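In the order they appear, the protein sequences are chains L and V.
Going letter by letter, the first sequence gives residues 1 to 109 in the numbering used here.
Going letter by letter, the second sequence gives residues 110 to 222 in the numbering used here.
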Amino acid sequence: EDQVTQSPEALRLQEGESSSLNCSYTVSGLRGLFWYRQDPGKGPEFLFTLYSAGEEKEKERLKATLTKKESFLHITAPKPEDSATYLCAVQTGANNLFFGTGTRLTVIP
Amino acid sequence: DAGITQSPRYKITETGRQVTLMCHQTWSHSYMFWYRQDLGHGLRLIYYSAAADITDKGEVPDGYVVSRSKTENFPLTLESATRSQTSVYFCASSATNTNQPQHFGDGTRLSIL
């Protein structure tokens, strides 16, 4: 059975304190791994897609990496506006997305 | 403005009533999706549609009905609402179903009393 697990569930960082969020997956036939950001009361906002092990994508203070079993979302020198829930989703052979439960990030000024 | 819009944003209804959630996108995307989001669960797919008049079940389709007569609209109907269907519902669309991200609306918060 396909599974996506995100850790930690919640993370509090001081402004400027870099850290990483983890998304581990057990799926058959990974077609792509997606990262989204979700603010309270809003829909998920697309950040990155990764397709193969070793791939990396960057956007401002965020960098996503992918191995055969997990993906990391690295946050460098975060700011309070980076506070949000970060969702990971995998796309399998059926072409539908399976989402993790997310990591709620709080960045304290 | 281009994008994907959901209505209503909030809805309170009673068990046994029929309720329809609306979703409209202006990108002319072929694929549209309905998810529900509950505490302790990731977003779970209810139904999706590959094109007008083509729909298919997702992970949790029971109790829901969809239709897609026009490419831009994808309404979700709860024919006889139950308390277990209290949730936040998100609609999404994508140009294709591979290698393209899904873009989400801001959701409908549905409470069933």
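The C-beta atom is built at its ideal place from N, Cα and C for all residues, glycine as well.
Only a predicted model underlies this, so the values are computations on that prediction, with no experimental measurement involved.
Proximity of residue i and residue j at Cβ, strictly below 8 Å
{"i": "R104(L)", "j": "E9(L)", "result": "yes"}
{"i": "W35(L)", "j": "L73(L)", "result": "yes"}
{"i": "Q146(V)", "j": "T217(V)", "result": "no"}
{"i": "L97(L)", "j": "A84(L)", "result": "no"}
{"i": "Y198(V)", "j": "W136(V)", "result": "no"}
{"i": "R61(L)", "j": "D82(L)", "result": "yes"}
{"i": "S220(V)", "j": "M141(V)", "result": "no"}
{"i": "K59(L)", "j": "Y25(L)", "result": "no"}
{"i": "V4(L)", "j": "T92(L)", "result": "no"}
Proximal chain L residues relative to residue i, where beta-carbon distance stays under 7 Å
{"i": "H212(V)", "result": "F46"}
Contacts of residue i in chain L (Cβ-Cβ under 8 Å)
{"i": "N182(V)", "result": "Ordered by position in chain L, no residue passes the 8 Å Cβ test against N182(V), which lies about 17 Å from the chain."}
{"i": "G149(V)", "result": "T101"}
{"i": "T135(V)", "result": "The premise fails here: T135(V) is roughly 15 Å from chain L at the closest Cβ pair, so nothing lies under 8 Å."}
{"i": "Y157(V)", "result": "N96"}
Distance cut-off 7 Å: residue i Cβ against heavy atoms of the ligand GTP
{"i": "V90(L)", "result": "Among the components of this structure there are no ligands whatsoever, and the ligand GTP is therefore not found."}
Neighbourhood of residue i by C-beta, 6 Å cutoff - its chain only, sequence neighbours within 5 removed
{"i": "Q127(V)", "result": "E188"}
{"i": "A160(V)", "result": "S139"}
{"i": "Y277(V)", "result": "Outside the displayed span of chain V (110 to 222) sits residue 277(V), for which this structure offers no information."}
{"i": "V175(V)", "result": "Y156, T164, L185"}
Listed by chain order, chain L residues near residue i by CB distance under 9 Å
{"i": "G167(V)", "result": "N96"}
{"i": "L130(V)", "result": "Within 9 Å Cβ-Cβ: nothing; L130(V) doesn't reach chain L, min ~13 Å."}
Exposed unless 16 or more other CB atoms sit within 10 angstroms - verdict on residue i
{"i": "R12(L)", "result": "exposed"}
{"i": "I121(V)", "result": "exposed"}
{"i": "L47(L)", "result": "buried"}
{"i": "T205(V)", "result": "exposed"}
{"i": "A77(L)", "result": "exposed"}
{"i": "R177(V)", "result": "buried"}
{"i": "Y157(V)", "result": "buried"}
{"i": "L87(L)", "result": "buried"}
{"i": "L152(V)", "result": "buried"}
{"i": "A64(L)", "result": "buried"}
Interface partners of residue i on chain V, CB under 9 Å
{"i": "G43(L)", "result": "I113, Q115, F199, C200, A201, H212, F213, G214, D215, G216"}
{"i": "T151(L)", "result": "There is no way to answer for residue 151(L), as the model of chain L reaches only from 1 to 109."}
Close Cβ partners of residue i (< 7 Å) along its chain, the five nearest in sequence each way excluded
{"i": "G167(V)", "result": "L154, I155, Y156, Y157"}
{"i": "V107(L)", "result": "L13, E15, P78, K79, P80, D82, S83"}
{"i": "G43(L)", "result": "none"}
{"i": "Y51(L)", "result": "G32"}
### Task
Taking only beta carbons into account, state which residues of the segment 5-38 of chain L come closer than 7 Å to chain V, listed in chain order.
R31, G32, F34
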